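Numbering of the sequence shown is given in the numbering used here, commencing with residue 348 and proceeding in unit increments. We put the beta carbon where it would ideally sit given N, CA and C, even for glycine. Note that the coordinates shown come from a computational prediction; the quantities given were computed from them, not determined experimentally.
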Amino acid sequence: MNGDHYREGKRQRLEEKLPEVFRTLEIYRLGLEAAARKKAFEKAEYERLRAEAIEEATHRHELEQRWQHFTEASAKSREFEEHRGFIAKAMETLESYEGEDKEEILEYLDWAKCNIERLDPAANPKLLLPKAKEPTAADLEQYLPARDQRSRGWY
348 MNGDHYREGK RQRLEEKLPE VFRTLEIYRL GLEAAARKKA FEKAEYERLR
398 AEAIEEATHR HELEQRWQHF TEASAKSREF EEHRGFIAKA METLESYEGE
448 DKEEILEYLD WAKCNIERLD PAANPKLLLP KAKEPTAADL EQYLPARDQR
498 SRGWY
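Here it is, written out as structure tokens:
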């Protein structure tokens, strides 16, 4: 209690000092309550800021994942276009081919065409939608603001 000392002396008895002792105790109690309220407010503010930062990081991560999925699907589709060109050229060559295995080659190219149609995102719209996964703390770390060295972090 701020180093206050109360003892009985020759001039003043301890009973006479009781109102001052109680006043000091009340001031000390009020100071503790104010400190507790301040700590609770700071904790609530920290939690609010933390929640906002995580929400923003989650949103940015989702946008990044969606764009990455789009560019990967686009690249796959370009690759499948090259395969279609290869199949078209092979089919053109097969028109003049007279070998015994011509039917087997045609079946193989037909199988390849079916796989391309099944796997090409441009030909199979279900493949266009990204599969959302819940981001981990590590996924979000790059999108979170720098943290105070004294804090334990956002997680």
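Counted as a single uninterrupted DSSP element, the alpha helix (DSSP H) harbouring serine 421 occupies residues 361-441. Boundaries cannot be given for leucine 476, as no alpha helix (DSSP H) includes it and DSSP labels it neither H nor E.
Relative to the Cα of alanine 493, the nearest Cα in the group Cys461, Ile401 and Asp457 belongs to Ile401.
Collapsing the DSSP output to three states places tyrosine 455 in a helix. For the pair isoleucine 463 and histidine 430, the CB atoms are nearer than the 7 Å cut-off. Counting C-beta pairs with one atom in each stretch, the stretch 462-476 and the stretch 417-425 have three or more that are closer than 8 Å, which means they touch. Alanine 398 counts as exposed, since fewer than 16 other beta carbons sit within 10 angstroms of its beta carbon.
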